[in-house]
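Residue numbers (the numbering used here), protein chains in the order written: chain E, 46 to 251; chain D, 46 to 251.
Just so it is clear, CB atoms sit at the ideal spot from N, CA and C, and this is done for glycine as well.
Please read the structure below before turning to the comments.
Protein chains: 2
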Amino acid sequence: MHQLTARQEEILRFIRQFIAESGFPPTRADITRALGYRSPNAAESHLRALERKGAISLRAGSSRGIRLLDDHGEEEEPGLPVIGQVAAGSPVLAQEHVRERCRVDPAMFHPRADYLLAVQGMSMRDAGILEDDLLAVHRTTEARNGQIVVARLHDEVTVKRFQRDGHYVRLLPENPEYTPIDVDLRTEPLIIEGLGVGLIRNGEAL
Amino acid sequence: MHQLTARQEEILRFIRQFIAESGFPPTRADITRALGYRSPNAAESHLRALERKGAISLRAGSSRGIRLLDDHGEEEEPGLPVIGQVAAGSPVLAQEHVRERCRVDPAMFHPRADYLLAVQGMSMRDAGILEDDLLAVHRTTEARNGQIVVARLHDEVTVKRFQRDGHYVRLLPENPEYTPIDVDLRTEPLIIEGLGVGLIRNGEAL
DNA sequence: TTCTGTACTGTTAATATATACAGTCATTCC
DNA sequence: GGAATGACTGTATATATTAACAGTACAGAA
Chain E
46 MHQLTARQEE ILRFIRQFIA ESGFPPTRAD ITRALGYRSP NAAESHLRAL ERKGAISLRA
106 GSSRGIRLLD DHGEEEEPGL PVIGQVAAGS PVLAQEHVRE RCRVDPAMFH PRADYLLAVQ
166 GMSMRDAGIL EDDLLAVHRT TEARNGQIVV ARLHDEVTVK RFQRDGHYVR LLPENPEYTP
226 IDVDLRTEPL IIEGLGVGLI RNGEAL
Chain D
46 MHQLTARQEE ILRFIRQFIA ESGFPPTRAD ITRALGYRSP NAAESHLRAL ERKGAISLRA
106 GSSRGIRLLD DHGEEEEPGL PVIGQVAAGS PVLAQEHVRE RCRVDPAMFH PRADYLLAVQ
166 GMSMRDAGIL EDDLLAVHRT TEARNGQIVV ARLHDEVTVK RFQRDGHYVR LLPENPEYTP
226 IDVDLRTEPL IIEGLGVGLI RNGEAL
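Pasting the structure below:
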C-alpha cells in the first residue's frame, strides 16, 4: 500500500470509527460533516485517493460502498492467519502455511500480533505453552533477554526463551527434559522471526 | 428478543452474510433480489418486523441503515466479556464483574464460549493454565469426567478438573502443591457454572 | 367473526447519495 | 517552468434508496 498523507490517514481513521460505531460505512456527506468540509467533493476526492493507494475499495453506484483493505491491498480479512508446519527454508508467512484464519483482534495483544503459530512439541511446557497451542507472534527481529521468541536456526523454526550475551545467544526451553540451544552468532545464522505476545488454546479437553 | 419466523430468520441470516461479504448492510433492493421477491416492500415489511422483534434496529433516512442487535435487543457488542473477581453469592455474569470486552469470535471455540474468566492462582499450572490467563467458558450445568469446569462451591468460584462417581465429585487441581476438593452432592451444593473450552493469554512476557 | 400478524405484489414520491464538472491555492517532483 | 498531487470550494444531476400507500391471501387468536 502506498504511503498515506496525514489527512488521508485521518479520513481512514474516521471511516474505521464510523463503521465500528454504526455498523456501516459513512456516506460522502458524513465524511464532509465530520471533517468540517463545505463540499462533498472534498470527501469524494479523498476517497478516490485512498482507493488509488489501495487503502480502500469503492463499489460504484452503491451508497456507503466503502470497503477497507489491508496492507497488501486485499480485502481486509478479519482475524489472524494460523501458521502450521513451517517447511525448511520458506518464509513463515508464506501462503501455503496458512491453515486457516482465527477471528481475534490483533490489537488485543501488545505489541500487536501479526500471526498465530501452531506450537509443536512440549519444550515450553513450564511456561504454560503446550503442543497445538496457538502462539500469538509479533513480527520483529529485535528481542530482549527473557522474552519468548520465534527463532529460525538452520532452517528450523522453534519457540524458546531468548538469552543473549555478546556474540552468544542461548535459546532456553521451559522444560527440564529439553536442553538449551547455544548459538554463536559469528558462525551460525540465527534469525528472530518474532516475539511471543500471547497465546490461544482451543479445545474442549484442554 | 421475540421469537422469529423461519422467513425472518432467513432474512436475518442473509443480512449477516451480506455484511460479512461486503462490509456494509444490504439495501431493500438487495434483499428483494436475494430472496427472489418482486416487490421491495416485501423486504421493507420484513425489516420492520425484525425491528419490532428487537433483532435489528433501522436508522430512518439512511441508506443501508441496518444494525444487528444481540439477544437482549442491545447493540451487538463484538467479542466476549472478561470476568474478573467474582464476589461471593453473586452470579458470574453480573454486570459489575465485566472488566472489559475481548474481541474474539465466540464461535472459535467448540462448544461456543460465553465469557472469559480471569484465572486466579496456580492450581491448574500443569494443565497450562496460569494466573491471569483468560479461560474461555461455555455456560452449561453438565460436565463429564476429565473436563475442566468452572464450579461454584460455598459461594466461591474455582477452576478444576471434574471427576464424578455417583454422589461424590472430586475437583482435581493440576498442580501437586494443591489438594483435590471432595464434594458430597447430598450434603453440599455444587454448581457447575460452565466448561473450559479454551484459553487466551495476553502479555509480552508470557 | 373480527383482529392481528405473516408474507407477499405493485406503484410512487421524496430524498439520500454518488459522482461528474469547473474552479482555487499550495507543494513537490523533474 | 511545467506537471502532478494534495486539499479543498461550489454547483449540478442522475440514480440509488427509503418509505409511504394500496392491495391480496392465509393463519391463528380473541
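Look at serine 90 (chain D) here: in three-state DSSP terms it is helix. The alpha-carbon separation between proline 85 (chain D) and threonine 72 (chain D) amounts to approximately 9 Å. The three-state reading of DSSP puts isoleucine 174 (chain D) in coil, since its state is none of H, G, I, E or B.
Of all residues in the segment 143–154 of chain D, the ones placed with a Cβ closer than 9 Å to any Cβ belonging to chain E are Cys147, Arg148, Val149, Asp150, Ala152, Met153, Phe154, in chain order. Within chain E, the residues whose beta carbon sits less than 9 Å from that of phenylalanine 69 (chain D) are Ile64, Gly68, Phe69, Pro70, Arg104, Ser107, Ser108, Arg109, Gly110, Ile111, Arg112, listed in sequence order. Below 8 Å, too few C-beta pairs join the segment 110–127 of chain E and the segment 120–131 of chain D to call them touching: fewer than three.
The beta carbon of isoleucine 226 (chain D) sits no closer than 8 Å to any beta carbon of chain E. Under the three-pair Cβ rule at 8 Å, the segment 152–168 of chain E does not count as touching the segment 156–167 of chain D. The beta strand (DSSP E) runs lying completely inside the segment 64–113 of chain E and spanning 3 residues or more are 101–103, 111–113, given in chain order. Think of a sphere of 8 Å around the beta carbon of glycine 129 (chain D): no beta carbon from chain E falls inside it, the nearest being about 17 Å out.
Minimum Cα-Cα distance from arginine 209 (chain D) among the listed residues D:Gly239, D:Val242, D:Asn190, D:Arg97 corresponds to D:Asn190. By the rule that beta-carbons nearer than 8 Å mark a contact, isoleucine 245 (chain E) touches chain D. For a cut-off of 8 Å, the C-beta gap from leucine 240 (chain D) to histidine 183 (chain D) is around 5 Å, short enough to register as a contact.
When the Cα atoms are used, phenylalanine 207 (chain D) and threonine 185 (chain D) turn out to be separated by approximately 13 Å. DSSP, read as helix, strand or coil, puts arginine 52 (chain E) in helix. Shown here, arginine 61 (chain E) sits in a helix according to DSSP, grouped into three states. Contacts between glycine 173 (chain E) and chain D, judged by CB atoms closer than 8 Å, involve Arg170, Gly173, Ile174, Leu175, Asp178, Arg246, Leu251 in chain order.
The C-alpha of isoleucine 64 (chain E) is placed about 25 Å away from the C-alpha of arginine 78 (chain D). Of the residues assessed, aspartate 115 (chain E) falls on the exposed side of the cut-off, its CB having fewer than 16 other CB atoms within 10 angstroms. DSSP places alanine 152 (chain E) in the helix class (H, G or I) of the three-state scheme. Excluding its 5 nearest sequence neighbours in each direction, arginine 148 (chain E) has C-beta neighbours in its own chain below 6 Å: Pro123, Gly124, listed in chain order. The three-state secondary structure of histidine 183 (chain D), taken from DSSP, is strand. Glycine 243 (chain D) sits close to glycine 248 (chain E), with the two beta carbons spaced by under 8 Å. The shortest C-alpha to C-alpha distance from leucine 92 (chain D) to any of D:Val127, D:Leu49, D:Lys205 is the one to D:Leu49. The beta carbon of aspartate 171 (chain D) lies closer than 7 Å to those of Glu219, Asn220 in the same chain, with the five residues before and after it left out. The distance from the Cβ of proline 70 (chain E) to that of isoleucine 60 (chain E) is about 6 Å, consistent with a contact at the 8 Å cut-off. A Cβ-Cβ contact shorter than 8 Å links proline 126 (chain D) with arginine 146 (chain D). Within the segment 221–246 of chain E, no complete alpha helix (DSSP H) segment of 4 residues or longer occurs. In the DSSP annotation of this structure, the continuous segment of the beta strand (DSSP E) that includes arginine 144 (chain D) starts and ends at 143–147. As far as DSSP is concerned, aspartate 116 (chain D) takes part in no beta bridge. The beta carbon of glutamate 89 (chain D) is closer than 8 Å to those of Arg73 in its chain, skipping five residues each way along the sequence. Partner residues in the beta bridge of alanine 163 (chain D), as assigned by DSSP, are D:Leu179. Look at arginine 215 (chain E) here: in three-state DSSP terms it is strand.
The three-state reading of DSSP puts arginine 197 (chain E) in strand, counting E and B together. Contact check for histidine 47 (chain E) against glycine 99 (chain E) passes: the beta carbons are separated by less than 8 Å.
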